Amino acid sequence: MEKIVYEQLQEQLYYEKMPNSLDVYILPKKAFNKTYATFTTKYGSVDNQFVPRGKTEMKRVPDGIAHFLEHKLFEKEDGDVFQQFSKQGASANAFTSFTRTAYLFSSTANVEKNLETLIDFVQTPYFSDQTVEKEKGIIGQEIRMYDDNPDWRLYFGLIESMYHNHPVKIDIAGTVESIADITKELLYECYETFYHPSNMLLFIVGPVDERAIMEQIRNNQIKKTFPEASAIQRFVYNEPEEVAKKKHIIPMHVQTSKCLIGVKAQNVRQKGKEKLKHELVMNVLLDYLFGKSSPHYERLYQLGLIDETFAYDYTEEEQFGFALVGGDTSDPERLAEEMKQIILSFDDSVLTNEDLERVKKKKIGAFLRSLNSPEYIANQFTRYAFHEMSLFDVVPMLESITADDIAEVANECFNERQLAVCQVVPKEERK
Amino acid sequence: MIRENITTMQGFRTHLLQTDKYKTNTLVLKMKAPLSKETVTLRALLPYVWQSGTSNYPSMKALRTYLDELYGATLNVDLAKKGEYHIITIRLDIANEKFLKEQPALLDKAIELLSEIVFHPALENGRFVNQIVEQEKRTLKQRIQSVYDDKMRYANLRLIEEMCKNEPYALHVNGQLEDVERITPDRLFAYYEKALQEDEIDLYIIGDIDETSTLEIVESYFQMPKRSARAQKKRHVQQKVMTNVREVVEKQDVKQGKLNIGYRTHITYDDDNYYALQVFNGIFGGFSHSKLFINVREKASLAYYAASRLESHKGLLMVMSGIEPANYKKAVQIIHDQMKAMKQGDFTDEEMVQTKAVIRNQLLETLDTPRGLVEVLYHNIVSERKRPIDEWLARTDEVSREDVVRVANQIELDTIYFLTGMEEAK
């Protein structure tokens, strides 16, 4: 067991790679009541074409299958694992993103038992024809719920506009039609391919004894047998630099219009410190342009074009990166035009050192705040680790960012052909 | 378990919660007044005007720039209904300098800034700045309207509107659209002065703080106007005399139907039966092992979500679920069956044990976040009944099956609300 100390943050992290290649991290947080653990596989909605374990040919699987598998893993021959967790006083959950599926619990008692339950249920799949069919009704309602949510429609409408080929443009849950094709055999095939310990990471944060917990995990893993670890071959999509569609309008039954502009990033770094820097630079840049203390924010707010829902965000994974900016608006056309101008007319020579230092300070404070949250630590640490970066390098990396770094990213990304706009507008009433 | 150091000061109380859990320090100011038609919209606007400028930082940009310089301190405001009270909350969260390379005195600056936001807002001619008020009026209108576009929230709001007609609780937390236009800087300023006189005010400070010096800092900056000695009288929530169960169906262009059902529990936070009600809700619909989740979702496959929650200060129980419009009758029947089972004591000892364990866990987890901690402690202020955390835990453990059944039989169905698609109109 390796110990890593972060002096400035006053945190100590423990790490061990199990003989079966599973990565385990423990961050003791003595003052907390709760222990939070995530067991994550590097497998998400974008992994829809791959070579199944033991096979040689690429295979295309139905959209939404990673999310479907997440739902189904909770069900066992003798019942539902949620029940088991709540008997042990824990609350359990799971989520599927573009690139990860995470299973988690939090509890203030019976931590060892809950941890055992978490590891065992994720490592013991049980799928049957009957339960697979039943799940289609539940997930169908989940999809319907999102269909009626204008913010979700706007978000996916924009991603769909930005990408030609990459499956990031497909809704994580799939569609009612695509999930109809899911079978128990397909679920097993995805499971065998992506739930190998060598593709997973276990993170525990809370008032735990790191030695005892590591020992428990070691003993648990040694009892199980897995095939030899082998690299997973995922299909690499060829994605043009420019967006697929410059503008997309979705009429819905809403009272307030919504408008988002998207920036499709180029030269997304695959991993390591380079990647960490790239995404932090983009975040600093967005903050500088659109943060509440920026001149642009003040102007747009005074013009009545934006309100408190106005937000910006940058998402970056291995093969794609995109920034989103926007919110509710009284005039989606005008807001789209204004945001486009702000992005395209960005001039790095006017960026003062004072501005840059202020944004960096803000980011450092925000990072400290996020460390109040065990959920944030576990989920983000895992995301960073899957890209060979470290969550705890964020502050030194932020401090190192220069105006030249900002200029470089802006030059790569702030071009007209990389911009797309999506709007939700009130539907004409039918008589 | 939690040491809450409460000090009564001139016109308000300070609650200090010393802990080394966090990397930031959190300030939360709460102002409480009765919910009423006359003031609800003024109150909904006031904190948003505050956060748009102070005497030293007279614009949103100036104030936000200063917050950035304070290592990205966050400032946010919101409103809540707790029973028939309307609560204004302002939160300011700031880095604890001990984790920074430089060590500026951030907590002192945060307390100063919070006091400035509330006591020294940006003014022109002795009242609020017209441009700020007009801007925030526009945003408030959008905030009121936005609920319409979020069907889950909308359905919940409509249920409360129908169920609590003619009770203050039916008022919307963000005020009434038709009142916004009439607000002027003068009227708002007059209300502001009244609120500082009459609201019950509580300041919470959570973090790795030195209690003595923190109190001194608070005392030096929080200069409340002299207040009339009159204490707020406790307000008892209105209890409706039940007549017939109402069924309200509304049609809109939606794909998923939203089914929301409201019941009267006749039990509020200060009631001795409160713990039994919590256990009831846990078995009935509060969790993923509850009857609603198991029967509506897992067994019948009708919904993705099916749950219940309590409004503790008003005595309401609300069920919510998203279903296929055609499954309306089926879903209502299953929910009725679960309520009937509860009333008949048709639940196992294991469900009791499980539910208590999960409630205990949920409470302890809530205390792990500064925000959750304040919300839990603030129940004591709203209800004027002090319930220490230890008592909470112990009394929940003592709840018996008979208690739960007794509570179940007190619960009355009030209104069934269903938001459904246009196709059903045929």
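Same order as they appear, the protein sequences are chains W and P. For the first sequence, our numbering assigns the number -9 to the initial residue and increments by one for each residue that follows. For the second sequence, our numbering assigns the number 3 to the initial residue and increments by one for each residue that follows. Note that the Cβ used here is the ideal one computed from N, Cα and C, for glycine as well. Given the structure is predicted, the values throughout are model-derived calculations rather than measurements.
Can you give me the start and stop residues for the alpha helix (DSSP H) that Glu440(P) sits inside? There is simply no residue 440(P) to check, as chain P begins at 3 and stops at 428 in what is shown.
Should His377(W) be counted as a contact of the ligand ADP given a C-beta to heavy atom distance under 7 Å? Ligands displayed in this structure: none; no statement on the ligand ADP is therefore possible.
Which residues DSSP lists as bridging Pro241(W), in chain order: Val415(W)
Skipping 5 residues on each side, what residues in its chain have a beta carbon closer than 8 Å to that of Lys421(W)? Its pLDDT being 39, under 50, Lys421(W) is placed unreliably by the model, and nothing is read from it.
Can you list the residues of chain W that His291(P) reaches, using a CB-CB cut of under 9 Å? Asp70, Phe72, Gln73, Phe75, Ser76, Lys77
Using a C-beta to C-beta distance shorter than 7 Å, which residues of chain B count as neighbours of Leu366(P)? The structure shown contains no chain B; its protein chains are W and P.
Residue-chain proximity (Phe300(W), chain P), Cβ-Cβ < 8 Å: No, Phe300(W) lies away from the interface with chain P (no Cβ there is under 8 Å from its Cβ).
Enumerate in chain order the residues of its own chain whose CB-to-CB distance from Tyr24(P) is below 6 Å, with the five nearest sequence positions on each side excluded. Counting only Cβ-Cβ distances below 6 Å, and skipping sequence neighbours, we find Gly209.
Contact list for the region 300 to 322 of chain W against chain P, Cβ threshold 7 Å: Asp318
Apply the 10 Å Cβ neighbour rule to Gly259(P) and answer buried if 16 or more other Cβ atoms are within range, or exposed otherwise. buried
Within 8 Å (strictly less), CB to CB, does Tyr24(P) reach chain W? yes
On the three-pair Cβ rule with 8 Å, is the region 255 to 267 of chain W touching the region 278 to 291 of chain W? no
Residue-level contact to chain P via CB, Ala27(W), 8 Å cutoff: It does not: the Cβ of Ala27(W) has no partner Cβ on chain P nearer than 8 Å.
Identify which residue in Pro9(W), Ser11(W), Tyr15(W), Asn210(W) has its Cα closest to the Cα of Leu3(W). Tyr15(W)
For Pro197(W), which three-state DSSP category applies? It is coil, neither helix nor strand.
From Tyr156(P), Glu86(P), Lys331(P), residue whose alpha carbon lies closest to that of Tyr271(P): Glu86(P)
In this structure, how does DSSP classify Met48(W) when only helix, strand and coil are distinguished? coil
Where does Thr267(P) fall in DSSP's three states? Three-state DSSP puts Thr267(P) in coil, outside helix and strand.
What does DSSP give as the partner residues of Asp95(P) in its beta bridges? Thr28(P), Thr76(P)
Report yes or no: is there a C-beta of chain W within less than 8 Å of the C-beta of Phe286(P)? no
Report the residue from Gly311(W), Phe193(W), Thr30(W), Ile129(W) whose alpha carbon sits nearest the alpha carbon of Asn273(W). By alpha-carbon distance to Asn273(W), the top candidate from Gly311(W), Phe193(W), Thr30(W), Ile129(W) is Gly311(W).
Taking Leu116(P) as the reference, give the member of Val79(P), Ser38(P), Asp370(P), Pro106(P) with the closest Cα. Relative to the Cα of Leu116(P), the nearest Cα in the group Val79(P), Ser38(P), Asp370(P), Pro106(P) belongs to Val79(P).
Which chain W residues sit within Cβ distance under 7 Å of Ser148(P)? Thr246, Asp318
Helix, strand or coil for Tyr33(W)? Go by DSSP, reduced to three states. coil
How would you write the range of the beta strand (DSSP E) that Val(-5)(W) sits in, first residue to last? Val(-5)(W) -> beta strand (DSSP E) spans -8 to -4.
Indicate the three-state DSSP secondary structure (helix, strand or coil) for Lys316(P) in the structure shown. coil
C-beta atoms of Phe423(W) and Val384(W) nearer than 8 Å: The structure shown has nothing for residue 423(W), since chain W only spans -9 to 421.
Straight-line Cα distance separating Ile162(W) from Thr86(W): Answer to the nearest angstrom: the Cα atoms are 7 Å apart.
When you compare each of Ile133(W), Phe72(W), Glu306(W) to Lys254(W) by their alpha carbons, which one comes out closest? Glu306(W)
Counting along the chain, where does the beta strand (DSSP E) carrying Gln20(P) start and finish? 14 to 20
Cα separation between Gly374(P) and Asp22(P)? 16 Å
Shorter than 8 Å from the beta carbon of Arg143(W) to some beta carbon of chain P? For Arg143(W), the answer is no, since every Cβ of chain P falls outside 8 Å of its Cβ.
Return yes when the Cβ of Leu161(P) is within less than 8 Å of the Cβ of Asn262(P), no when it is not. yes
Do Arg266(P) and Asp416(P) have their beta-carbon atoms positioned less than 8 Å apart in this structure? yes
Using 8 Å as the threshold, is the C-beta distance between Ser35(W) and Ala56(W) below it? yes
From Thr398(P) to Cys249(W), what does the alpha carbon distance come to, in whole angstroms? 48 Å
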